[in-house]
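Mapping to the UniProt record's numbering: the sequence shown position 24 is 24, numbers consecutive. Heads up, the beta-carbon is just placed ideally off N, CA and C, and yes, glycines get one too. Below is one structure, written out as structure tokens; the observations come after it.
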Amino acid sequence: MNKYATIKYQPDQKIRILLISNNTRQHEQLLQALLAGAFRVSVAADGVQGYTKAQLTLPELILVDKQLTGIDALSLTHMLQGLKATAQIPLIILDSRMDGSTEECVTFLKAGAVDYISNPYAVDEVKERINVPLRCPKKILPAMVSGRVHSQQPSTTAETSMLIHAIQKTIDANLGSPPSQKELCNMFKISRRKIMNIFQRNFGLSVSSYIRLQRMYRAEYLLRTTALKIDVIATDLGFSSPANFSTAFKTYAGVAPGKFRQAIERNKPYTDNRPCMRSMGPPVFSSGWCPP
Numbered sequence: 001m002n003k004y005a006t007i008k009y010q011p012d013q014k015i016r017i018l019l020i021s022n023n024t025r026q027h028e029q030l031l032q033a034l035l036a037g038a039f040r041v042s043v044a045a046d047g048v049q050g051y052t053k054a055q056l057t058l059p060e061l062i063l064v065d066k067q068l069t070g071i072d073a074l075s076l077t078h079m080l081q082g083l084k085a086t087a088q089i090p091l092i093i094l095d096s097r098m099d100g101s102t103e104e105c106v107t108f109l110k111a112g113a114v115d116y117i118s119n120p121y122a123v124d125e126v127k128e129r130i131n132v133p134l135r136c137p138k139k140i141l142p143a144m145v146s147g148r149v150h151s152q153q154p155s156t157t158a159e160t161s162m163l164i165h166a167i168q169k170t171i172d173a174n175l176g177s178p179p180s181q182k183e184l185c186n187m188f189k190i191s192r193r194k195i196m197n198i199f200q201r202n203f204g205l206s207v208s209s210y211i212r213l214q215r216m217y218r219a220e221y222l223l224r225t226t227a228l229k230i231d232v233i234a235t236d237l238g239f240s241s242p243a244n245f246s247t248a249f250k251t252y253a254g255v256a257p258g259k260f261r262q263a264i265e266r267n268k269p270y271t272d273n274r275p276c277m278r279s280m281g282p283p284v285f286s287s288g289w290c291p292p
């Protein structure tokens, strides 16, 4: 069985939803209906896990159980709205109690939730209410839009463009344990020479160099826009230790991750113009990392 999340040659991927609830049994029917439809649902067991998972996975929509433990639902709403990475993700509150008040609903809406759904609810109704914010164009933060690399050769065929996109998305979905060049060849039924030519022609990079830069760009994105601890980011990106991650990031940005984050928070330059991978020539990435 393929251990990697391979993106197939199809434009329409399932919409990713994160459910944050310590009692998923109450939402079992809704979960089954979503999974049977156009959605891919992941679950966080409490508010603390949900806060971390929301930042790492950046889903298209977040469902939060009102009766949340770890971090209460209202605090979690405020926290997610306060982060650049998650502020634009629609968040819906599910109140499993029968006695939810209008005042509570208003409080959550003021905190940034786009909807508040009280029990008892009909599954079909919830699905429609989930689709409402998904149909609306999201405000996208500048410099956080697309993780695609600048193409040096824009005149590619539609088939090749689809292949490139699928390979990129597969790599992005597995940055913690990225597939090797050989594994990519097997996944997409292409030769080693073809994949080397694709990356050199379109990105000016080898496959391994592309993966290294993509991991560092995701690291930069997480350091800029989330409150995740550096060791959590290191683990997410597949580094064996925070020290190894720090060394790799310093090679990329010229400074260690902690100093980089401090400089960004203080709105100050983060390097003293020493040569580093990030400063050499035009940026490899067009604007920012985009989750799969």
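- The beta-carbon separation of T57 and R16, rounded to 7 Å, stays under the 8 Å limit for a contact.
- In the three-state reduction of the DSSP assignment, A44 falls in the strand class, which pools E and B.
- At the C-beta level, I233 and A256 stay beyond 8 Å of one another.
- Ranked by how close their Cα comes to the Cα of Q168, the residues L213, T157 and S191 have L213 in first place.
- Bounds of the alpha helix (DSSP H) holding D231 are I230 to D236.
- Cβ neighbours of D65 within its own chain (closer than 6 Å, five residues either side excluded): S21 and L94.
- Beyond the five residues adjoining it in sequence on each side, T160 comes within less than 8 Å, by CB distance, of I198 in the same chain, given in chain order.
- F245 carries a helical assignment under DSSP once its states are collapsed to helix, strand and coil.
- The bridge partners DSSP lists for V64 are I20 and I93.
- Beta-bridge partners assigned by DSSP to S177: none are found.
- The C-alpha of L205 lies about 28 Å from the C-alpha of K259.
- Between S96 and Q49, the C-beta spacing is not below 8 Å.
- Between Q81 and G112, the C-beta spacing is below 8 Å.
- For I117, the enclosing beta strand (DSSP E) covers residues D115 to S118.
- Here the alpha carbons of L134 and A44 stand approximately 21 Å from one another.
- Assignment of I15 by DSSP, reduced to helix, strand and coil, places it in the strand class.
- The DSSP-derived three-state label of F260 is helix.
- For F239, the three-state secondary structure derived from DSSP is coil.
- In this structure, Y121 and F108 do not form a Cβ contact; the two beta carbons are roughly 15 Å apart against a cut-off of 8 Å.
- A direct Cα-Cα distance of roughly 19 Å separates S241 from Y221.
- With fewer than 16 other CB atoms across the displayed protein chains lying within 10 angstroms of its CB, Q32 is exposed.
- With contacts defined by Cβ atoms closer than 8 Å, L19 and H27 form a contacting pair.
- Ranking T52, G47 and M187 by CA distance to the CA of I71 puts G47 first.
- Within the DSSP secondary-structure output, F39 pairs in a beta bridge with I15.
- Around P178, the same chain offers I171, I211, R215 and G238 as residues with beta carbons nearer than 8 Å, after the five sequence neighbours per side are excluded.
- Leaving aside the five residues that flank E60 on each side, the residues in its chain whose CB is nearer than 6 Å to its CB run, in chain order, I15 and R16.
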